[in-house]
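A quick write-up on the structure given underneath.
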Amino acid sequence: MFQNKFLNYKITKNLFTVSIFLIFFIVGSQIYKDYGFNIDEKFHRANGFYWLNYLSIFFDLEDLSQITSQKLAQINDFTLPDIKEWNAYGIIFDVPAAYLEIILNLNNPISYYELRHYLVFLVFFTSSIFFYALLINRFKEKWVPVFGLILFILTPRIFGDSFWNNKDVVFLSLYTISIFFYFKLFDDQSNRNILLFSMFAALSTSIRFAGIFLPVSLIFFFIIAKLSKRYDLSIKTILLSILYFFLILFITWPYLWNNFSSGLLSSLTLEMSWQGKVNFLGKYYLSRNLPYYYLIFWILISTPLIHLILFGLGFGNYFKRIILRYFSIQSESIHNDLWRSQNEKKDFLIFLNLVFFFCVLSFLNIDLYNSWRLGYFINIFLVYFATYGIYLIVCKYKKKLRIVLFISLLSTLFLIYRISIYHPYQSLYFNLLVPKSIKNNVDVDYTGLSGLSFLKELIEKENVFPVKVAVNSWYPLWRMTELLNDEEKNKIRVYSHDEKNMVDYLYSNRIYDIDKRFYKKYDVPENFKIFKVFKIDNTIIYEVYKRSN
50 MFQNKFLNYK ITKNLFTVSI FLIFFIVGSQ IYKDYGFNID EKFHRANGFY
100 WLNYLSIFFD LEDLSQITSQ KLAQINDFTL PDIKEWNAYG IIFDVPAAYL
150 EIILNLNNPI SYYELRHYLV FLVFFTSSIF FYALLINRFK EKWVPVFGLI
200 LFILTPRIFG DSFWNNKDVV FLSLYTISIF FYFKLFDDQS NRNILLFSMF
250 AALSTSIRFA GIFLPVSLIF FFIIAKLSKR YDLSIKTILL SILYFFLILF
300 ITWPYLWNNF SSGLLSSLTL EMSWQGKVNF LGKYYLSRNL PYYYLIFWIL
350 ISTPLIHLIL FGLGFGNYFK RIILRYFSIQ SESIHNDLWR SQNEKKDFLI
400 FLNLVFFFCV LSFLNIDLYN SWRLGYFINI FLVYFATYGI YLIVCKYKKK
450 LRIVLFISLL STLFLIYRIS IYHPYQSLYF NLLVPKSIKN NVDVDYTGLS
500 GLSFLKELIE KENVFPVKVA VNSWYPLWRM TELLNDEEKN KIRVYSHDEK
550 NMVDYLYSNR IYDIDKRFYK KYDVPENFKI FKVFKIDNTI IYEVYKRSN
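If you're matching positions, the sequence shown starts at 50 in my numbering and goes up one per residue.
Pasting the structure below:
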């Protein structure tokens, strides 16, 4: 009877899990075209063709070389940096996307950018499978990994970015897969696991330099184990991991082929080279001089309450345990280290990642641009400890599991409702407790996701053409005109902010490169009156002003 009951539970859980993945895949495949286009997409398309052209010349592929040269010549915008000077970005996403564009013969801008969006979604979808496998590896308690998976998928800002953000979400995804193989490496130090861990760690590093912490932390674990007189990791594992890591990093990142060390340094410098103005609670800061609490503040206001509550429970419990463990270490005891099982070692790995990156991003003046999108990969660790919180609840209320499942289901349905409210601007999500006074005193639509939909709506509502609109914020709205069809392009003209006297409308996504309190660069002329304020959940996405005479 017990065996049948266990079998029925396993079948039910597996069917439920498969249903989640299937629904996620179907929904994502249906809605990926709904999302806006960001200001960096053209640059990364150029990056893909630049390096595809380089590879085609390197391997003497003449036909491909000609095609990529033509594609590169067609990509132009005076606001874009010269790709020959800004070519230190990794190629692991951009080059395959460029090659697929050629294979599928996509010549319409909408088509090839939507392809890129769908590819980002597929990468994130794949990472969700690995994240679930990672949770199963750690938590064996019935439904715990399932609801951890739900929290991972339904983190609103990550969900929204998973349809367009080819840097932060791709990095998050590759880092997730790397952590899965890190766990596998703890379980079995086979050559296969060493190779797979090293490969995904290297691919992560080519996207964001932070990925290098993965092999570095492996060395840290080796040292701690040695100090504890344990032999969890062999020297062979460490040496092979480092060898494979740098070898794969070199092979998959052509920028490093000429000079490996200086290439790595240049890449790091490029990541940290941007210095812009960031609006934070009504004050403007240089991106490198933000308050130390900037990161945690953004996490608190843009993460759902259910995530935060469960994380608080899980992390608080683990932190208490690790502190007690540290002070109970005795040199003569057989239990003289910070973990006493494989699972505890995995928990410590996640703890180490979370604390390290939180401190680095908060206290070392790292450019965070706006919100916490540069640190979105931290969500892996947040959701892990939120899952740990679920695990504690399930363990404590085993006899009331149905009630726990029912409450979890209600929370999930409410979270889906909140996500649907923001569609297709989940990337701009704020949780329920955030007042509009905060929502509208921070940078919101920095990447300009609303630009194209605004232009299309304006064309649809106007009957006198061409419609003339100026951008009254720091945002290259004219890039969005490339995504209009020929008929729409003939109906609209986009001007810069210093040509306000020539237009009928002013558009502002409220992103500025100066402190508006002291400079009048973006002041609205008196003969323009507010025409539309587009809001979601009391969050202003953009404003439109119309000439009154």
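Cβ atoms here follow ideal geometry from the backbone N, Cα and C, with glycine treated the same way. Just so you know, these numbers come straight off a predicted model, no measurement behind them.
- Query: What residue range is occupied by the uninterrupted beta strand (DSSP E) comprising Ser-557?
  - Reply: 554 to 557
- Task: Taking only the alpha-carbon atoms, compute the straight-line gap between Ser-654 and Phe-577 and give it to the nearest angstrom.
- Result: Any property of residue 654 remains undetermined from this structure, which presents the chain solely from 50 to 598.
- Message: For Phe-55 and Pro-484, I'd like the C-alpha separation in whole angstroms.
- Response: Residue placement at Phe-55 is flagged as unreliable, the pLDDT there being 49, under the threshold of 50; the coordinate-derived value follows with that caveat. Their Cα atoms are separated by approximately 47 Å.
- Task: Decide yes or no for the touch test of the region 152 to 166 against the region 198 to 209: beta carbon pairs closer than 8 Å, at least 3 of them.
- Result: no
- How do the region 216 to 230 and the region 253 to 268 stand: do at least 3 beta-carbon pairs fall below 8 Å, yes or no? yes
- Distance, Cα to Cα, Ala-182 vs Leu-401? 20 Å
- Query: So what's Asn-512 in DSSP terms, helix, strand or just coil?
  - Reply: coil
- C-beta atoms of Tyr-554 and Tyr-594 nearer than 8 Å: yes
- Query: Under a Cβ-count criterion, where at least 16 other Cβ atoms within 10 Å of its own Cβ denotes burial, should Ala-122 be classed as buried or exposed?
  - Reply: exposed
- Message: In whole angstroms, give me the CA-to-CA distance for Val-67 and Asn-550.
- Response: 58 Å
- Message: Pop quiz: Leu-101 and Tyr-138 are said to be a contact at Cβ under 8 Å. What is the actual Cβ separation, rounded to whole angstroms?
- Response: The pair is not a contact, with the Cβ atoms about 13 Å apart (cut-off 8 Å).
- Should Gln-79 be labelled buried (16 or more other beta-carbon atoms within 10 Å of its own) or exposed? exposed
- Message: With the cut-off set at 8 Å, would you say Leu-482 and Leu-354 are in Cβ contact?
- Response: yes
- If you drop the 5 nearest sequence neighbours on each side, which residues of the same chain put their C-beta closer than 6 Å to that of Phe-434? Phe-360, Gly-363, Phe-364
- If you measure from the beta carbon of Lys-584 to each beta carbon in chain B, is any gap under 8 Å? Looking at the structure shown, chain B is missing, and only one protein chain is on hand.
- Task: Give the DSSP-derived three-state secondary structure of Ala-519 in the structure shown.
- Result: strand
- Item | Phe-55, DSSP secondary structure in three states | In this predicted model, Phe-55 has a pLDDT of only 49, less than 50, meaning its place in the structure is not dependable; the value taken from the coordinates is given anyway. Note: Phe-55 maps to helix in three-state DSSP.
- Reference Phe-196, options Tyr-103, Ser-253, Val-169, Phe-65, closest by Cα: Phe-65
- Message: Applying the 10 Å Cβ sphere with the 16-neighbour rule, what's the burial state of Asp-143?
- Response: buried
- Item | Own chain, CB closer than 7 Å to Lys-233, minus 5 neighbours either side, in chain order | Asn-242
- Query: When the Cα atoms are used, what is the spatial distance from Leu-113 to Phe-92?
  - Reply: 20 Å
- Just the C-alpha distance for Arg-542 and Ile-124, rounded to the nearest angstrom, thanks. 20 Å
- Task: Could you give the DSSP three-state label for Ile-207: helix, strand or coil?
- Result: helix
- Output yes or no for whether 8 Å exceeds the beta carbon distance between Ile-508 and Val-520. no
- Query: Terminal residues of the continuous beta strand (DSSP E) containing Glu-537?
  - Reply: Looking at the DSSP string, Glu-537 is not in any beta strand (DSSP E); the run it does join, the alpha helix (DSSP H), is 535 to 538.
- Hey, how far is the Cα of Thr-175 from the Cα of Pro-264? 22 Å
- Item | Three-state class that DSSP yields for Lys-395 in the structure shown | helix
- Task: Could you name the residues that DSSP lists as bridge partners for Lys-332?
- Result: Phe-329
- Is the distance from the Cβ of Tyr-231 to the Cβ of Leu-398 below 8 Å? yes
- Message: I need the DSSP call for Arg-528, collapsed to helix, strand or coil.
- Response: helix
- Test item: CB-CB of Gly-424 and Leu-477 under 8 Å: no
- Task: Can you tell me which of Phe-463, Tyr-304, Ile-563 puts its alpha carbon nearest to the alpha carbon of Lys-332?
- Result: Ile-563
- Query: What are the boundary residues of the beta strand (DSSP E) that Lys-578 is part of?
  - Reply: 577 to 585
- Item | Proximity winner among Tyr-568, Asn-480, Ser-336, relative to Asn-587 (alpha-carbon distances) | Asn-480
- Can you tell me the Cα-Cα spacing of Ile-585 and Tyr-474, whole angstroms? 8 Å
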